RNA sequence: GGUGACGUGGCCGAGUGGCUAGGCAGAGGCCUGCAAAGCCUUGUACGGCGGUUCGAAUCCGUCCGUCACCUCCA
């Protein structure tokens with residue numbers, strides 16, 4: 001009765017069942033970002049793929065061990081032959097306008113890695129079991145490089161230690177980049193080293209006593225190459241052979257190709273059984289770039305534009321991870337509405353929680369079926385658009401049959417919440433580790449008393465004052481005044497809603 | 001040049017041989033002091049051309065178009 005979890009495997013080019021080595025226990029690794037600036041929505045689209053895999057695996061009863069790293073070592077940038085000391089991403093971050101406030105790269109990485117984790121929580125991603133940092137695993141990386149040297153898969157030159165691609169015949173099997181010419185171009189090292197035996201060889205260790213981040217090694221002062229950290233950390237926490245390795249599509253080559261070579265040269269066994277890659281997103285039909293002005297960080301959307309975090313999350317998963325995805329503000333606006341509907345349905349479902357199981361309720365039965373459809377869509381290569389459509393169908397059923405709900409409505413909504421993480425729940429429940437209500441632009445009831453209102457911030461007090469004035473005007477049927485106040489509130493980006501229980505309001509995002 | 005993906009109605013986006021995807025926008029209705037929200041109803045489609053088949057958006061061929069990666073990038 002075990003469910004099959006099918007995912008596209010880059011290694012084979014096919015959608016195939018994900019089969020954990022240890023039955024019922026998924027051990028997987030997902031490549032995290034280099035923390036030289038704030039994470040953008042593209043980073044998170046990729047992290048969200050891993051998050052959905054985690055949630056889906058748990059929903060079918062699998063145990064999970066999930067590791068995702070923080071790369072806090074600056075690796076080399078491209079075309080940097082002008083500066084043989086090798087300026088890297090972290091160093092560049094330090095020189096940027098934003099980065100100038102940091103005393104050194106260590107402060108910079110601390111700042112951005114804590115920002116990453118706060119974005120992570122605000123977008124309702126589940127915590128990994130381990131979030132290792134590259135700088136805290138230098139020793140393991142050095143040990144692995146020593147082993148690679150010992151077995152003849154690596155060699156030393158005056159400027160570094162290199163992996164010998166020739167020693168690993170399988171090189172290129174993940175990306176299909178077998179042609180020597182293409183490899184030569186692609187893996188060419190930033191700092192050209194004439195002592196390299198083969199142009200395809202890539203660096204495991206760079207000797208550099210000038211680098212902003214450096215460690216002592218058997219080969220002198222320097223820093224690790226940019227592929228070694230991930231394979232080493234994955235194996236340190238998950239074992240030599242893992243079930244799944246995920247990341248953005250750009251990592252297929254050379255990063256993941258090199259990880260495979262490093263790991264398998266030593267173990268002679270498959271490093272990861274399954275490889276999953278998330279396609280890059282576009283924004284408004286174009287490649288996201290600062291120059292085009294369509295570059296968005298998570299915090300810019302949420303803090304500056306006031307978008308509900310879960311709406312950002314929903315928008316980012318509204319396309320399947322493997323298809324080209326166009327992120328638009330129109331999708332984001334739709335998502336805001338949907339998140340509100342999910343929230344409304346959750347409230348209704350929660351109030352039906354204790355109504356028991358009404359066998360005669362067709363609504364309950366329908367919702368049970370809907371949940372299965374949502375789950376099945378995710379089990380089918382993370383078909384999120386189909387899953388969201390099914391979830392919305394359930395939401396519509398709940399909103400349209402308020403009086404016929406039983407406890408299965410609650411089961412449905414919390415199930416959907418656990419699976420997709422897009423439901424604004426009123427309190428933390430189950431796998432959702434943190435309360436999300438405060439993070440959302442949820443509807444707020446107007447404060448009952450003036451003292452209650454004045455205990456909050458001045459803007460809120462002002463809003464509630466206006467709403468109370470409007471209510472008075474409505475009581476005396478002075479609708480002209482009431483509408484004038486409503487317009488005034490709208491100008492402040494405040495949307496109000498009248499109901500038999502009074503007036504509630506919410507701040508609209510400005511997108 | 002190499003590798004891969006994609007082309008579905010005004011827009012986003014499922015569907016992979018016959019059976020309603022869903023959403024947004026549009027239209028009509030219910031509700032409302034009027035709105036908003038919510039609910040109900042509703043139109044429009046499968047890039048071109050060949051082929052396979054009783055039957056193709058769905059399979060095959062071909063052409064056209066779009067995009068991505070191959071260089072730091074999720």
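Numbering (our numbering), first residue to last: 1 to 511.
Yeah, the Cβ is synthetic: ideal placement off N, Cα and C, and Gly gets one too.
Values in this document were obtained by computation on a predicted structure and should not be read as measured data.
Using the DSSP secondary-structure output, state which residues sit across from residue i in a beta bridge.
i           : result
residue 202 : 163
residue 303 : DSSP output for residue 303 lists no bridge partner at all.
residue 325 : 281
residue 224 : 205
residue 242 : 272
residue 14  : 9
residue 156 : 161
residue 420 : According to DSSP, which records beta bridges pairwise, residue 420 is partnered with nothing at all.
residue 40  : 297
residue 25  : 22, 63
residue 101 : In the DSSP output, where bridge partners are listed per residue, residue 101 has none listed.
residue 216 : 221
residue 30  : 68, 246
residue 380 : 6
Mapping DSSP to helix, strand and coil, what is residue i?
i           : result
residue 121 : helix
residue 498 : strand
residue 6   : strand
residue 482 : helix
residue 255 : helix
residue 93  : helix
residue 70  : strand
residue 20  : coil
residue 80  : Its pLDDT being 35, under 50, residue 80 is placed unreliably by the model, and nothing is read from it.
residue 276 : strand
residue 296 : coil
residue 346 : helix
residue 320 : coil
residue 353 : helix
residue 47  : helix
residue 247 : strand
residue 429 : Below a pLDDT of 50, predicted positions are generally treated as unreliable, and residue 429, at 35, falls in that range; no measurement from the model is reported.
residue 476 : coil
residue 369 : helix
residue 388 : helix
residue 338 : helix
residue 113 : helix
residue 402 : helix
residue 291 : coil
residue 193 : coil
residue 211 : coil
residue 504 : strand
residue 286 : strand
residue 130 : strand
residue 172 : coil
Quick check on this structure: which residue in the options has the alpha carbon closest to the alpha carbon of residue i?
i           : options            : result
residue 169 : 158, 160, 153, 161 : 153
residue 300 : 220, 92, 39, 28    : 39
residue 248 : 395, 68, 198, 240  : 68
residue 417 : 382, 374, 397, 457 : 374
residue 337 : 272, 5, 506, 270   : 506
residue 499 : 471, 480, 490      : 471
residue 105 : 98, 219, 97, 93    : 93
residue 31  : 255, 236, 202, 98  : 255
residue 164 : 136, 195, 176, 200 : 200
residue 369 : 9, 394, 155, 43    : 394
residue 198 : 22, 162, 233, 228  : 162
residue 26  : 233, 10, 56        : 56
residue 272 : 309, 286, 97, 234  : 234
Can you give the beta carbon distance from residue i to residue j, rounded, assuming they're within the 8 Å contact cut?
i           : j           : result
residue 7   : residue 316 : At roughly 18 Å, the Cβ-Cβ gap does not stay under 8 Å, so residue 7 and residue 316 are not in contact.
residue 400 : residue 313 : With 8 Å as the limit, residue 400 and residue 313 do not qualify as a contact, their Cβ atoms being about 25 Å apart.
residue 18  : residue 274 : 6 Å
residue 284 : residue 328 : 6 Å
residue 485 : residue 466 : 5 Å
residue 509 : residue 307 : 5 Å
residue 257 : residue 204 : Residue 257 to residue 204, Cβ: 14 Å. No contact.
residue 377 : residue 28  : Incorrect: roughly 20 Å between the Cβ atoms, too far for contact.
Report task. Count the CB pairs spanning the segment 126-133 and the segment 158-172 that are closer than 8 Å, and state whether there are at least three. Result -> Output reads no: the segment 158-172 does not touch the segment 126-133.
**Report entry** contact_flag[the segment 103-117, the segment 25-38] where n(CB pairs < 8 Å) is 3 or more
**Finding:** The segment 103-117 vs the segment 25-38: in contact.
Query raised in the report: Quick check: the segment 58-76 against the segment 143-158, are there 3 or more CB pairs under 8 Å?
Result: Put simply, the segment 58-76 does not touch the segment 143-158. Fewer than three CB pairs are less than 8 Å apart.
Query raised in the report: Hey, is the segment 209-216 in contact with the segment 238-257, meaning 3+ C-beta pairs nearer than 8 Å?
Result: No, the segment 209-216 is not in contact with the segment 238-257.
Query - Segment contact flag, the segment 399-414 with the segment 343-350, C-beta cutoff 8 Å, min 3 pairs - result: Segments in contact, yes.
Requested in this report: Count the CB pairs spanning the segment 318-326 and the segment 378-391 that are closer than 8 Å, and state whether there are at least three.
Outcome: Short answer: they touch.
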